[in-house]
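Data block below; observations after.
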Amino acid sequence: MSKAIETKKVHVQEIAEKFSAAASIVVVDYRGLTVAQVTELRKQLREAGVEFKVYKNTLTRRAAETAGLEGINEFLTGPNAIAFSNEDVVAPAKIINEFAKKNEALEIKAGIIEGTVASVEDVKALAELPSREGLLSMLLSVLQAPVRNFALATKAVAEQKEEQGA
């Protein structure tokens with residue numbers, strides 16, 4: 261077997277492992293972005309622990325099939341870049357969506373969220389979710405409300421009893 265085919269098999273296996281290990285993946289079309297813009301996007305993604313790579317579509321399609329994610333293959337046409345995040349599900353969608361709002365040349369094509377192929381709308385909806393800390397603070401305020409209301413009602417009853425007793 262030729263050395264080129266062996267190299268391609270290694271690349272396919274590497275990409276398939278990234279597909280399998282990733283919590284979320286976002287596929288984008290980066291045509292029209294300047295080198296400076298792509299560098300800035302890569303920097304933002306790297307700071308969030310997201311890997312941003314460009315692979316040949318044929319290798320990526322084979323890797324997707326190997327990983328059992330054939331549904332993403334229809335979006336792998338033209339120049340694509342793929343953002344892989346192993347820890348944070350929301351980070352790549354959020355960063356790329358914000359970047360796309362400022363740079364109209366960047367187009368979100370699709371994504372994979374926890375092993376499920378997601379449409380552009382799904383990726384954008386994920387990007388609009390509050391951060392983990394924001395969600396936790398919302399939950400905490402919801403949990404505090406009944407306790408706060410109970411304390412206010414108890415205080416009001418105590419004050420009413422005082423007025424009646426005085």
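All residue numbers for the sequence shown refer to this note's numbering, where the first residue is 261 and numbers rise by one.
Yeah, the Cβ is synthetic: ideal placement off N, Cα and C, and Gly gets one too.
Under the rule that 16 or more other beta-carbon atoms within 10 Å means buried, what is residue 265, buried or exposed? Counted from its first residue, the sequence shown places residue 265 at position 5. When all chains shown are included, residue 265 counts as exposed.
For a test of the three-state rule: what should DSSP assign to residue 376, helix, strand or coil? Position 116 of the sequence shown, counting from 1, holds the residue named residue 376. In this structure, residue 376 counts as strand in the three-state DSSP scheme.
Nearest-angstrom Cα distance between residue 302 and residue 352? Here residue 302 refers to the residue found at position 42 when the sequence shown is read from its first residue. Here residue 352 refers to the residue found at position 92 when the sequence shown is read from its first residue. The alpha-carbon atoms of residue 302 and residue 352 are separated by roughly 11 angstroms.
Hey, would you say the C-beta of residue 385 is under 6 angstroms away from at least one heavy atom of the ligand SAM? The model on display carries no ligand, and the ligand SAM is accordingly not part of it.
Quick one: what's got a C-beta closer than 8 angstroms to residue 321's C-beta in the same chain, skipping five residues either side? The sequence position of residue 321 within the sequence shown is 61, counting from 1. Within the same chain, residue 321 has close Cβ partners 333 and 336.
For residue 359, the nearest candidate out of 370, 297 and 283 (CA to CA): In the sequence shown, the residue the question calls residue 359 occupies position 99. For the residues 370, 297 and 283, the minimum Cα distance to residue 359 belongs to 297.
Report yes if the CB atom of residue 350 is closer than 7 angstroms to the CB atom of residue 389, and no otherwise. Here the question's residue 350 lines up with position 90 in the sequence shown. Here the question's residue 389 lines up with position 129 in the sequence shown. Yes; because the gap between Cβ atoms is below 7 angstroms, this pair is in contact.
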